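So the sequence shown is numbered by our numbering: it starts at 1 and just counts up by one.
We put the CB at the ideal spot given by N, CA and C, even for glycine.
All figures in this text were calculated on a predicted structure; none of them were measured in a lab.
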Amino acid sequence: YDASGEFVEDRANGVPQYPCFDTMILDDTKKNEDVIYKVNLTYEMNDDVMMYVTYSEGYRPGGVNRARVDGVPGYEEDFTNNYEFGWKSSWMDDRLRFNGAAYYVEWDDFQYSILDFAVSNLTIINNAGQATVKGLEFDLDFAATQELTLSLAVSLNDAELDEDLINGTDLEAPDGSALPFVPETQFSAIGRYDTELAGYNAYAQAAWSYTGSSWNDLRIDNRIRQSSYDLVNLAFGISKDNWTLDLFVDNATDERTELSRNDPGYPSDIDTTINTNRPRTYGIRFGQRF
């Protein structure tokens, strides 16, 4: 609708799309039925070390797109086969805990959402083919002293297409393209100090996290590299009996992250829009147990 309230059929990007009112499409249905399996084997090497292997399957039902667009069908189910090897362990008289897992995921006919204003101003879901995810993650918790606890968590991922993504005759993403919104590296570290202060239980904590860069889209011609970022959170608290009082600073360095970058899709002086995190935030929390 224009400023006067009149409906406008033509826009800069073509005929606008709306939620579907076509009764033939509204009456379309998708029926999905499947059985998925999970198998897990564990082996206790001793009282402090346990290892395991897991095979599991994943499944999401298909559906019908909301947009009224010719040639855009519904989307089919997608499936995953996950192979995982992991361990859980304690060391140094339970002062050190070391857990982790390595995994390999086969993703068949994975559902992929796009928002292309040249096609529709509603999100379209398609099946994009075959992909794999290879990853390793682990976490360490160390009681350095009776008061000081140190923690570290690491996640490494390699997620990519296993076949060309083709739309009609157009190659949108070649085999080997990285999947969007999957940073290759993520780290987090926490230091916490617990003590007694003037008759109160008190703690001070600092937490840092790092998220590596990632792509915002699978299609080569559309995607933008999203920058890596660091976040720091600080907290201090006291407690006694059945109450707690916490002071905190989230995003202490006032970092502006790129959670997602997008082409706005309409005539604008802005090339991309960025969804970001909250700015530096101070707060106080009080808790009471009854």
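Under the three-state DSSP convention, the category residue i falls into
| i | result |
| --- | --- |
| K30 | coil |
| S227 | coil |
| V182 | coil |
| E255 | coil |
| D170 | strand |
| R285 | strand |
| L197 | strand |
| Q205 | strand |
| Q111 | strand |
| N13 | Only weak support is given to the placement of N13: the predicted model assigns it a pLDDT of 48, under 50, and the question is left unresolved by the model. |
| I124 | strand |
| S308 | With the chain running from 1 to 290 in the structure shown, residue 308 is simply not present. |
Expected contact under 8 Å - CB spacing of residue i and residue j to nearest Å
| i | j | result |
| --- | --- | --- |
| G58 | N82 | 7 Å |
| A206 | L165 | With a Cβ gap of about 43 Å, A206 and L165 do not count as contacting. |
| L115 | R66 | That pair is no contact at about 12 Å. |
| R278 | D250 | 7 Å |
| L161 | Y193 | No, L161 and Y193 are not in contact; Cβ-Cβ is about 46 Å, not under 8 Å. |
C-alpha distance - residue i paired with residue j, whole-angstrom precision
| i | j | result |
| --- | --- | --- |
| N40 | N126 | 32 Å |
| P180 | K88 | 31 Å |
| D230 | A144 | 25 Å |
| G283 | S227 | 28 Å |
| T195 | N233 | 20 Å |
| I292 | E76 | As shown, the chain starts at 1 and ends at 290. That puts residue 292 outside it, with no answer to give. |
| I274 | E172 | 23 Å |
| N201 | P174 | 57 Å |
| A252 | S56 | 40 Å |
Residue i: CB within 7 Å of a non-hydrogen atom of the ligand SAH
| i | result |
| --- | --- |
| D78 | Ligands are entirely absent from the displayed structure, and the ligand SAH is therefore not among its contents. |
Would you check if the region 94 to 102 and the region 124 to 141 touch, i.e. whether three or more CB-CB distances between them fall below 8 Å? Under the three-pair Cβ rule at 8 Å, the region 124 to 141 counts as touching the region 94 to 102.
Count the CB pairs spanning the region 170 to 185 and the region 209 to 216 that are closer than 8 Å, and state whether there are at least three. yes
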